[in-house]
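S.K.: Quick one: structure below, then a few questions.
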Amino acid sequence: MATSRPANGKKVVSRNPDVMNGELVFLGTRVPVQTLIDYLKAGETLDRFLEGFPTVGRQQAEAYLDMTLQDADAHA
Numbered sequence: 003m004a005t006s007r008p009a010n011g012k013k014v015v016s017r018n019p020d021v022m023n024g025e026l027v028f029l030g031t032r033v034p035v036q037t038l039i040d041y042l043k044a045g046e047t048l049d050r051f052l053e054g055f056p057t058v059g060r061q062q063a064e065a066y067l068d069m070t071l072q073d074a075d076a077h078a
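Structure below.
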């Protein structure tokens, strides 16, 4: 099982072959990270995503987005 951590060191997402066929999910949930990405690509807000997936916390989603931006900056 793999997990990813933002700068604050808290686990945000995980990948486990026994959970959602190994998709990257928000830690402690069965909500794929791709679902958040799809919402944002479709022009939806983070608030709308969180309303639809209450098992994902705001801090968790924001930490994932921050981590993704930091990773993009590191590879730019």
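Using our numbering, you'd call the opening residue of the sequence shown number 3 and step up by one each time.
Positions of the beta carbon are idealized from the N, C-alpha and C atoms, including for glycine.
Treat the numbers as computed from the prediction; the structure is a model and nothing was measured.
If you drop the 5 nearest sequence neighbours on each side, which residues of the same chain put their C-beta closer than 7 Å to that of Leu-52?
M.R.: Val-58, Arg-60 and Ala-63
S.K.: Starting from Val-35, trace the beta strand (DSSP E) in both directions and tell me its first and last residue.
M.R.: No beta strand (DSSP E) contains Val-35, which is instead part of the alpha helix (DSSP H) from 35–43.
S.K.: Give the secondary structure of Arg-32 by DSSP, where H, G and I count as helix, E and B as strand, and everything else as coil.
M.R.: Correct three-state label for Arg-32: coil.
S.K.: If you follow the beta strand (DSSP E) that Val-15 is in, where does it begin and where does it stop?
M.R.: Segment 15–17, the beta strand (DSSP E) holding Val-15.
S.K.: Tell me the residue span of the alpha helix (DSSP H) that contains Asp-20.
M.R.: Segment: none, Asp-20 is in no alpha helix (DSSP H) and carries neither H nor E.
S.K.: Hey, could you find the ends of the alpha helix (DSSP H) Phe-55 is sitting in?
M.R.: Run containing Phe-55: none; DSSP gives neither H nor E here.
S.K.: Could you work out which residue in Gly-54, Val-33 and Lys-13 is closest to Val-21 when comparing CA atoms only?
M.R.: Val-33
S.K.: Roughly how many angstroms separate the alpha carbons of Arg-17 and Leu-42, rounded to a whole number?
M.R.: 21 Å
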